[in-house]
Amino acid sequence: MNRLLSTRRLTDIASHAYIWLLLLLFVMPFAALVNYSLTGPRGEFALQNFAYVFGSFTENLGWSFRISLLTLLINLAISLPAAYGLVRYNYPGKHLLFAFLSLPLYVPAAVLGIALVLTFNFTYRLTTSEWGLVLAMVVGSFPLMLTPTVVALKDLPIVFEEAAQCLGASKWQTYWRVVFPLIGPGIGAGMLLCFIIVFNEYLVTLFVKPTFITTAPVRVFNLVRTAGLLPTTAALAVVMQVISFLAVLLFFRIYGTRYLKGTYLL
Amino acid sequence: MLLLVLPAIAIVVLFLYYPLLFIVQMSLTEGSSYLSPAGPIYTLQNYAEMVSRYLPNVLVTIELAALAAIVDLIFGFPFAYILVRKVRYRNLVRSFMVFPMFGALYIAFGMRFLLLPGGWVYNLLKSFGIQNPQLYGLPSVVFAMALFAFPFMVLNIGTALSNIDPTLEEAAACLGAHPLQTLQRVLLPLSRAGIVAGLMLVFGWSVGAFAEPLLLGSINEQRSLAWTLYQRGVVQTDYGLSTTMGIVLLILAFAVTYVALRQSKGVLGE
Amino acid sequence: MSSVRLDGITKRYGHTLAVEDISLNIAEREFVTLLGPSGCGKTTLLRIIAGLIEPTAGRIYFDQQDVTYLSPRARNIGFVFQQPALFPHLSVADNVGFGLSVKGVRKDVIAKRVEDMLALVGLSGYGKRMPAQLSGGQQQRVALARVLATDPRVLLFDEPLSALDRNLRETLKYSILDLQRKTGKTAIYVTHDQTEAFAISDRIVVMNAGRIEQIGTQMDIYLHPATPFVAEFIGANNSLSGVVTSVQEGEVTVDADGLRIHCRPHSAFREGDAVLGYIRPENIALLNDKDDHDVHHIGYINVFDGVLDRVIFEGATAQVRVNVNGRELRVDVSGAQRLTLSRRGGRVRIGFNDVTLIPKPA
Chain A
-18 MNRLLSTRRL TDIASHAYIW LLLLLFVMPF AALVNYSLTG PRGEFALQNF
32 AYVFGSFTEN LGWSFRISLL TLLINLAISL PAAYGLVRYN YPGKHLLFAF
82 LSLPLYVPAA VLGIALVLTF NFTYRLTTSE WGLVLAMVVG SFPLMLTPTV
132 VALKDLPIVF EEAAQCLGAS KWQTYWRVVF PLIGPGIGAG MLLCFIIVFN
182 EYLVTLFVKP TFITTAPVRV FNLVRTAGLL PTTAALAVVM QVISFLAVLL
232 FFRIYGTRYL KGTYLL
Chain B
1002 MLLLVLPAIA IVVLFLYYPL LFIVQMSLTE GSSYLSPAGP IYTLQNYAEM
1052 VSRYLPNVLV TIELAALAAI VDLIFGFPFA YILVRKVRYR NLVRSFMVFP
1102 MFGALYIAFG MRFLLLPGGW VYNLLKSFGI QNPQLYGLPS VVFAMALFAF
1152 PFMVLNIGTA LSNIDPTLEE AAACLGAHPL QTLQRVLLPL SRAGIVAGLM
1202 LVFGWSVGAF AEPLLLGSIN EQRSLAWTLY QRGVVQTDYG LSTTMGIVLL
1252 ILAFAVTYVA LRQSKGVLGE
Chain C
254 MSSVRLDGIT KRYGHTLAVE DISLNIAERE FVTLLGPSGC GKTTLLRIIA
304 GLIEPTAGRI YFDQQDVTYL SPRARNIGFV FQQPALFPHL SVADNVGFGL
354 SVKGVRKDVI AKRVEDMLAL VGLSGYGKRM PAQLSGGQQQ RVALARVLAT
404 DPRVLLFDEP LSALDRNLRE TLKYSILDLQ RKTGKTAIYV THDQTEAFAI
454 SDRIVVMNAG RIEQIGTQMD IYLHPATPFV AEFIGANNSL SGVVTSVQEG
504 EVTVDADGLR IHCRPHSAFR EGDAVLGYIR PENIALLNDK DDHDVHHIGY
554 INVFDGVLDR VIFEGATAQV RVNVNGRELR VDVSGAQRLT LSRRGGRVRI
604 GFNDVTLIPK PA
């Protein structure tokens, strides 16, 4: 048997080809959007669709950023103490409590949407407020922040905290000056995930958003539904994905990929 | 210490558990009678209707999600295996794999361009001599759903596979096992938990699919529950029926999620 | 039971050579050990013989059959790994029967064979247990039974004892040797532990940096190291570097760092040759001051006076450092003498005969 054609080599080549083929499939829908977004009215190459994005769609992008940012802040404020309380103390039912808090991840968005819009309507009177939308995003996404933070905290040996306390740091000083910086990557991972999910969320938003708010993904959805396949809509979708991808790359660049362990990104 | 977790608990109780209970109650009322001044009319009518009129909707939802899960398993197992055992450029692969995460909406939207007359897929099929292919329908919907959930499958199987010592495969090969025998007798049994968890998670995530059936499906796929629920609830304000669909959807998603979580080790560990 | 022939085996990873042009003949039923420090390429070579790695160049023959590009499963080998590598989801019996089962052998035949093999490794009655219920040593025995069950042509061992604790290593290495003798299999055994290699091998192949340094029996390697590496790797050694000053009737005199050393080397040297001289610490005697000065009377052709620098009592032996004209030599003392060693700083006399001379590499 010839060395160049040995089964082992063929298997290796086929393996890598398989990976690349599937990766190609992954970016195919995105590539199609890019291709179409760069097409002018007579099928020529054009950048004008993107000018439209930063003209007519600025408001939608603005809402998306605003909602994402507010959601991130609230997520941080509730997830950090919760993670600490879940990892550093022992009490019965801890695992159950964690499952109880993670459950929103497994509720289909349409169900969360209909349930929230009805309670906002009849119980909370939140339908006309931007806070209703933000809280809906919070409940759907904060477990994504909680999980990597819990993982990071669990991997952090308790000796650092004990050392800080023995050196005379108060509980709060320990928390702020030792624990926080050390679990930074975990928190970062959580923020990244939350940002990606909330920034691109359209379904729950579709149900609960007040009439005066249209986020970018909802705008994409509405335009696809009603106006058909416009290159300008494709351009907006491309911009959204590029922003999300840049966030991911930024994170990889700062922390590497290992902190996404235990989350929903590899 | 419970004080630290309290805000999180408050959020989920107020904005998840209470609303879910609320729609359970709502699903037991007739139409939009909850709004009427005479007070809600309690009835099991909605659930009866789910069986008599909307059973096909439930079935098509299950069918799509199950197919997506199976497609993901078939393509995801080899993918995860190669990724874990042979690939050094894993970070690059991870970067590519975040694209589906950005949302099913963009996938479905992008695929519409591919399937359009003149789109890449359309032209490809035409070059194979297939004229006027019916591209909107079940295969496209399942493909989009599978693409969206693929990373979850790979994650679950990959975790299971990376916990298997590669020496076991070498041992099997040295003992005379064909690669397929190694797969069947060593790899599959040892990664079973990951496979089951992956299947369940993909199914659980896919039952709620909204954009894919709507944008890529024929009338048949557009009957899936999430989209029907939206129309009945938001457009036609038939709260009773749409919340009932929500409950059914929830049960579908939770039943499998429960199995999945029991299979995979919790984040908090032992 | 096959002979194994390696012909110019080379393995290259990018620019680094893991194994370089290795040729080696191993006879049927022979027990050969590949010995060397970690990273010397011994495991790579073993995995190439098993078919787990493909060589960049060279050929492997089992008997007359060229197996270079055969997959491991087509070679019919028995590979024992560093870890037992038992299939955790299969019982002990299913593990042992695995090799036969994948070949489609009938169940009752397998059951009989499994029983025999378990008896052979002294684990009769353990068939129903799961691997996790066994100790490390028992697991490695099961791994042995598992490879023997398929009646392989060659047994390959990749440091099978290194994960076990010391007492277990002692007993299990003789079990391995017994099994090899009983079954008459050709065996190739990789280790970095020279006592292990010395205990079980017919021949030892000393490897370093991807190449073979020396092939020989224990005695060859211990008494006549062929290269500086072997001399320094096997056991402890005092090394001196010097120049041959005279050659007379097979006796060579070397001037090494101011010491005049007489030796009777294996190979021929000429005056003026630059050489490395090795003297094993256990071959140096610590002589009493009272002993006669006549060297021939005492029986040592080299006798030196020195100062006791340091005594390290190690139990069975004592390590003594003696300073001779500013050169420190290590002397290992055993027997009753080690218990009566004088304090440091005292004057001592040492004597030795065996000096290994190796031409100094350019």
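Protein chains in written order, with the numbering used here: chain A, -18 to 247; chain B, 1002 to 1271; chain C, 254 to 615. Glycine included, C-beta positions come from ideal geometry on N, C-alpha and C.
From C:Tyr314, C:Val459, C:Tyr266, pick the residue whose C-alpha is nearest to that of C:Ser291; which is it?
Walking along the third sequence from the start, residue 291 of chain C turns up at place 38. Nearest of C:Tyr314, C:Val459, C:Tyr266 to C:Ser291, Cα basis: C:Val459.
Based on the DSSP output, what are the partners of C:Gly559 in its beta bridges?
Stepping through the third sequence from its first residue, residue 559 of chain C is reached at position 306. Partner(s): C:Val601.
Simplified DSSP assignment, three categories, for B:Phe1151
Start at 1 with the first residue of the second sequence, and residue 1151 of chain B comes out as number 150. B:Phe1151 falls in the helix class under three-state DSSP.
Hey, how far is the Cα of B:Ala1070 from the Cα of B:Ser1141?
Translated into the one-based positions of the second sequence, residue 1070 of chain B becomes position 69. Translated into the one-based positions of the second sequence, residue 1141 of chain B becomes position 140. Between B:Ala1070 and B:Ser1141, the C-alpha separation is close to 14 Å.
Quick check: the Cα distance between C:Glu283 and C:Leu259, rounded to an integer number of angstroms?
As a first step, residue 283 of chain C is located in the third sequence; it is residue number 30 there, counting from the start. As a first step, residue 259 of chain C is located in the third sequence; it is residue number 6 there, counting from the start. Answer to the nearest angstrom: the Cα atoms are 15 Å apart.
C:Pro534: which of C:Ser492, C:Glu423, C:Val505 sits nearest, CA to CA?
The residue given as residue 534 of chain C occupies position 281 in the third sequence. Answer by Cα proximity: C:Ser492.
For C:Glu307, which residues in chain A fall below 7 Å Cβ to Cβ?
Counting from one through the third sequence, the residue named residue 307 of chain C turns up at place 54. In chain order: Ser(-13), Arg(-11).
Using a 10 Å radius around the Cβ and a threshold of 16 neighbouring Cβ atoms, would you call B:Ile1131 buried or exposed?
Sequence index remark: in the second sequence, residue 1131 of chain B carries index 130 (1-based). By the neighbour-count rule (16 or more Cβ atoms within 10 Å), B:Ile1131 is not buried but exposed.
Chain-order list of residues whose beta-carbon lies under 7 Å from that of A:Phe79 (same chain, five-residue window excluded)
Position 98 of the first sequence holds residue 79 of chain A. Excluding residues within five positions, the ones whose Cβ falls inside 7 Å are Leu67.
Where does B:Val1155 land, buried or exposed, given buried means 16+ other C-beta within 10 angstroms?
Position 154 of the second sequence, counting from 1, holds the residue named residue 1155 of chain B. Counting Cβ neighbours within 10 Å, B:Val1155 comes out buried, since at least 16 surround it.
Can you list, in chain order, the residues of its chain whose CB lies under 8 Å from that of B:Leu1117, leaving out five sequence neighbours each side?
If you number the second sequence from 1, residue 1117 of chain B lands on position 116. Answer for B:Leu1117: Tyr1123, listed in chain order.
Would C:Arg513 and C:Val560 qualify as a contact pair, given that the criterion is a beta-carbon distance under 8 Å?
Here residue 513 of chain C refers to the residue found at position 260 when the third sequence is read from its first residue. Here residue 560 of chain C refers to the residue found at position 307 when the third sequence is read from its first residue. Against a cut-off of 8 Å, the Cβ pair of C:Val560 and C:Arg513 comes out as no contact.
Partners in chain C for B:Phe1160, counting only beta-carbon separations shorter than 8 Å:
Your numbering for residue 1160 of chain B matches position 159 in the second sequence. In the sequence under discussion, the amino acid at residue 1160 of chain B is Thr, which differs from the Phe named in the question. Ordered by position in chain C, no residue passes the 8 Å Cβ test against B:Thr1160, which lies about 17 Å from the chain.
Rounded C-beta distance between B:Ala1009 and A:Ala63? I'm assuming under 8 Å.
Reading the second sequence from its first residue, position 8 is the one you call residue 1009 of chain B. Reading the first sequence from its first residue, position 82 is the one you call residue 63 of chain A. Contact flag correct, Cβ pair sits at about 4 Å.
Where the stretch 265 to 280 of chain C meets chain A: residues whose CB sits under 9 Å from a CB there
none
Can you check whether the C-beta of A:Met118 is within less than 8 Å of a C-beta belonging to chain B?
For the purposes of this step, residue 118 of chain A is taken as the residue at position 137 of the first sequence. With 8 Å as the cut-off, A:Met118 does not count as an interface residue toward chain B.
Tell me, to the nearest whole angstrom, how far the beta carbon of B:Tyr1137 is from that of A:Ala218; I am working on the premise that it is less than 8 Å.
Numbered from 1 along the second sequence, position 136 holds the residue referred to as residue 1137 of chain B. Numbered from 1 along the first sequence, position 237 holds the residue referred to as residue 218 of chain A. In fact, because the Cβ distance is near 19 Å, the residues do not count as touching under 8 Å.
Cβ of B:Ala1198 less than 8 Å from any chain C Cβ?
By 1-based counting over the second sequence, the position of residue 1198 of chain B is 197. Output row for B:Ala1198: interface = no.
Please report the distance separating the alpha-carbon of B:Gly1111 from that of B:Gln1026.
By one-based count along the second sequence, residue 1111 of chain B stands at place 110. By one-based count along the second sequence, residue 1026 of chain B stands at place 25. Their backbone Cα atoms lie some 39 Å apart in a straight line.
Can you find a C-beta in chain B that's less than 8 Å from the C-beta of C:Gln336?
What you label residue 336 of chain C is simply residue 83 of the third sequence in a count that begins at 1. It does; some Cβ of chain B falls within 8 Å.
Beta carbon proximity, B:Leu1169 to chain C, threshold 8 Å
Counting from one through the second sequence, the residue named residue 1169 of chain B turns up at place 168. With 8 Å as the cut-off, B:Leu1169 counts as an interface residue toward chain C.
Status (buried if at least 16 other CB within 10 Å, exposed otherwise) for A:Tyr245:
Within the first sequence, residue 245 of chain A is the residue found at index 264, counting from 1. Because A:Tyr245 sits at a pLDDT of 48, beneath the cut-off of 50, its placement in the model cannot be relied upon, and the following sentence gives the value as read from the coordinates. Buried, since its Cβ has 16 or more Cβ neighbours within 10 Å.
Between B:Leu1215 and the rest of its own chain, which residues show a CB-CB distance below 7 Å, the 5 nearest in sequence each way excluded?
In the second sequence, counting from the first residue as 1, residue 1215 of chain B sits at position 214. Counting only Cβ-Cβ distances below 7 Å, and skipping sequence neighbours, we find Gln1223, Trp1228.
Can you check the stretch 518 to 542 of chain C for any alpha helix (DSSP H) of at least 4 residues that lies completely inside it and give the ranges in chain order?
none
Pair every Cβ in the stretch 193 to 202 of chain A with every Cβ in the stretch 12 to 27 of chain A, then say whether three or more of these pairs are closer than 8 Å.
no
If you measure between the beta carbons of C:Asn395 and C:Leu339, is that distance less than 8 Å?
Position 142 of the third sequence holds residue 395 of chain C. Position 86 of the third sequence holds residue 339 of chain C. Residue 395 of chain C is actually Val in this sequence, not Asn. Yes, Cβ-Cβ distance for C:Val395 and C:Leu339 is below 8 Å.
Mind the definition here: the stretch 20 to 32 of chain A touches the stretch 177 to 191 of chain A only if three or more C-beta pairs lie below 8 Å; say whether that holds.
Under the three-pair Cβ rule at 8 Å, the stretch 20 to 32 of chain A does not count as touching the stretch 177 to 191 of chain A.
Closer than 8 Å by C-beta to C:Ile313: which residues in its own chain qualify, once you throw out the five before and the five after it? Chain order, please.
The residue labelled residue 313 of chain C in the question sits at position 60 within the third sequence. The answer, listed in chain order, is Val257, Arg258, Leu259, Asp260, Ile262, Ile301, Ile302, Asp319, Val320, Thr321.
Roughly how many whole angstroms lie between the Cα atoms of B:Leu1230 and C:Phe351?
For the purposes of this step, residue 1230 of chain B is taken as the residue at position 229 of the second sequence. For the purposes of this step, residue 351 of chain C is taken as the residue at position 98 of the third sequence. CA-CA distance, B:Leu1230 to C:Phe351, rounds to 53 Å.
Can you name the residues of chain B whose CB is closer than 8 Å to the CB of A:Gly171?
The count along the first sequence starts at 1 and reaches residue 171 of chain A at position 190. Residues of chain B passing the Cβ test: none, with the nearest at roughly 12 Å.
How long is the line joining the alpha carbons of C:Glu524 and C:Ser499, rounded to whole angstroms?
For the purposes of this step, residue 524 of chain C is identified with residue 271 of the third sequence, where counting begins at 1. For the purposes of this step, residue 499 of chain C is identified with residue 246 of the third sequence, where counting begins at 1. Spanning the two alpha carbons is a distance of roughly 6 Å.
For C:Tyr266, name the three-state secondary structure that DSSP assigns.
The sequence position of residue 266 of chain C within the third sequence is 13, counting from 1. Strand.
Residues that DSSP places opposite C:Ala515 in a beta bridge:
For the purposes of this step, residue 515 of chain C is taken as the residue at position 262 of the third sequence. According to the sequence as given, residue 515 of chain C is His; it is not Ala. DSSP, once it has assigned bridges, lists C:Thr506 as partnering C:His515.
I'd like the list of long-range same chain contacts for C:Ser587, defined as Cβ closer than 6 Å, with 5 residues on each side in sequence excluded.
As a position in the third sequence, residue 587 of chain C is number 334, starting the count at 1. Cβ neighbours of C:Ser587 beyond the five flanking positions: Thr570.
Check distances from the C-beta atoms of the stretch 1081 to 1104 of chain B to those of chain A and list, in chain order, the residues that come in under 8 Å.
Ile1083, Leu1084, Lys1087, Val1088, Arg1091, Asn1092, Val1094, Arg1095, Ser1096, Phe1097, Met1098, Val1099, Phe1100, Pro1101, Met1102, Phe1103, Gly1104
Assigned secondary structure, B:Asn1157 (DSSP; H/G/I helix, E/B strand, else coil):
For the purposes of this step, residue 1157 of chain B is identified with residue 156 of the second sequence, where counting begins at 1. DSSP places B:Asn1157 in helix when its eight states are reduced to three.
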